[in-house]
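Going by this note's numbering, the letters in the sequence shown line up with residues 52 to 151, in that order. Just so it is clear, CB atoms sit at the ideal spot from N, CA and C, and this is done for glycine as well. One structure is given below, encoded as structure tokens.
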Amino acid sequence: VAAIGAYQEGVAKNVVNGKPVVAHIYEYTTQISVTPSNKIEGAERGIVPVQIIFCLKEKNQKKINSHRWFFNAFGPILQPNVCVLLDVGTMPGPSSIYHL
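Shown next as structure tokens:
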């Protein structure tokens, strides 16, 4: 996420105005992709812009909690037509999501 510009290490604080932070939300629109060999590719390879919203929770409370967060907090605001939930480290094939 940092490689494509949607996250910056050291920016987030875990306490604000004396209150503990529950989560950090980063939003970024990017037009680059990182290949499995860590090569960065962009518009010259036909990469289209993608809006990324990254939510980093302070406490890991497992997958079900993360899904609940997404659907309860972001679903009503974003009103998506389709939601695709992937585990960290999952690398879908070039047309995997399309075929869902």
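Just measuring C-alpha positions, the residue of T80, L151 and I104 sitting nearest A74 is I104.
Taking C-beta atoms as the reference points, E60 and A54 fail to come closer than 8 Å.
The beta carbon of P127 is closer than 8 Å to none in its chain, skipping five residues each way along the sequence. Straight-line spacing of the CA atoms in N123 and L129 works out to 11 Å. For K113, the enclosing alpha helix (DSSP H) covers residues K113 to W120.
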